[in-house]
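Engineer:
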Amino acid sequence: MIGDRGRDHRARAASATRTASARLLDRRRERRGQVDHRSPVAGRHGLRVYATDDAMRDHGGRFTPQEAPLLSRFKAMGMDERWVSRSPETMLESFHWFQGELFGLIVEDLLRFPAGTGVIAEGFRLLPRLVRPLLAEPGHAVWLLPTPGFRRAAFASRGSLWKIAGKTSDPERALRNLLDRDRMFTELLRAETKRLELAAIKIDTTMTEDDLTERVTEAFEL
33 MIGDRGRDHR ARAASATRTA SARLLDRRRE RRGQVDHRSP VAGRHGLRVY
83 ATDDAMRDHG GRFTPQEAPL LSRFKAMGMD ERWVSRSPET MLESFHWFQG
133 ELFGLIVEDL LRFPAGTGVI AEGFRLLPRL VRPLLAEPGH AVWLLPTPGF
183 RRAAFASRGS LWKIAGKTSD PERALRNLLD RDRMFTELLR AETKRLELAA
233 IKIDTTMTED DLTERVTEAF EL
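In the numbering used here, the protein residues as written are 33 to 254.
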């Protein structure tokens with residue numbers, strides 16, 4: 033999640049999505065937002081929400097192979113090649129969103145926000161190394177880093193645990209690969225936030241939504 037109270041046009045981030053994500057809180061702009069009560073922090077403080085997950089379909093439909101070569105190759109793969117036949121390490125290294133492809137489109141979307149609008153932008157595409165140069169202050173960002181147990185429980189609670197894996201010829205293996213890839217991605221985010229001196233919050237199955245909301249609120253000094 034990234035945020036700013038109007039002092040910088042890019043700025044405030046915190047994270048929390050299915051693998052590890054960020055929320056970008058910007059007091060000035062959003063393209064498609066409205067107050068989103070799915071986010072307790074946004075609802076409590078009257079902020080709009082820009083979900084980078086929701087923008088993926090739009091962003092994935094307007095690029096050239098030169099702009100996003102990893103995404104181009106991913107789209108050409110079948111489900112087994114994506115999730116079964118490759119190792120989790122290869123899946124991690126070649127996954128377009130994890131490598132920051134089309135991040136510039138997120139920035140373009142945020143720059144369309146009207147001045148004076150409070151916004152939370154969230155999603156795992158908000159990578160620390162890409163967000164950090166846009167922050168007025170390092171304290172304007174916080175990433176939520178879920179444990180493997182929390183991630184699996186979150187998938188299961190939403191009924192989406194087998195959504196991807198179930199479309200392959202080997203659902204069990206595909207799910208193992210997917211969860212292992214996401215675990216490694218979270219570890220990379222943990223190391224990156226530490227190296228860049230950015231805030232991160234570990235979330236597990238013992239943490240309540242109220243606890244998490246308070247932690248994020250405190251991080252942003254809202």
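Here a beta-carbon is modelled for each residue, glycine too, at the ideal position from N, C-alpha and C.
Remember, predicted model here, so these are calculated numbers, not experimental data.
CA-CA distance, Pro180 and Met239?
Structural biologist: Near 14 Å, if we compare the C-alpha coordinates of Met239 and Pro180.
Engineer: Pick out the complete beta strand (DSSP E) segments inside the segment 55-141, 3 residues or longer, and give them in chain order.
Structural biologist: You should have 80-83.
Engineer: How is Glu154 classed by DSSP in three states: helix, strand or coil?
Structural biologist: Of the three classes helix, strand and coil, the one that applies to Glu154 here is strand, per DSSP.
Engineer: From Arg76 to Leu254, what does the alpha carbon distance come to, in whole angstroms?
Structural biologist: Each residue's alpha carbon lies about 10 Å from the other.
Engineer: Compare the beta carbon distance of Met88 and Lys199 with 8 Å and say whether it is the shorter of the two.
Structural biologist: Cβ distance not < 8 Å, so Met88 and Lys199 don't count as in contact.
Engineer: Nearest to Ala232 by alpha carbon, out of Leu177, Ser71, Glu241?
Structural biologist: Nearest option by C-alpha distance: Leu177.
Engineer: Alpha carbons only, please: which of Asp202, Ser119, Lys234, Val81 is nearest the one belonging to Glu219?
Structural biologist: It is Lys234 whose Cα lies nearest to the Cα of Glu219.
Engineer: So, are the CB atoms of Glu133 and Leu159 less than 8 Å apart?
Structural biologist: No, these two residues do not count as a Cβ contact at 8 Å.
Engineer: Is it the case that the Cβ atoms of Arg184 and Leu228 are separated by a distance below 8 Å?
Structural biologist: Not closer than 8 Å, so no.
Engineer: In terms of residue numbering, what span does the beta strand (DSSP E) encompassing Pro178 cover?
Structural biologist: From DSSP, the beta strand (DSSP E) with Pro178 extends over 173-178.
Engineer: If we count the other Cβ atoms within 10 Å of its Cβ and call it buried at 16 or more, is Gly148 buried or exposed?
Structural biologist: By the 10 Å Cβ count, Gly148 comes out exposed.
Engineer: Is the beta carbon of Leu142 less than 8 Å from the beta carbon of Tyr82?
Structural biologist: Yes, the pair counts as a contact, with Cβ atoms nearer than the cut-off.
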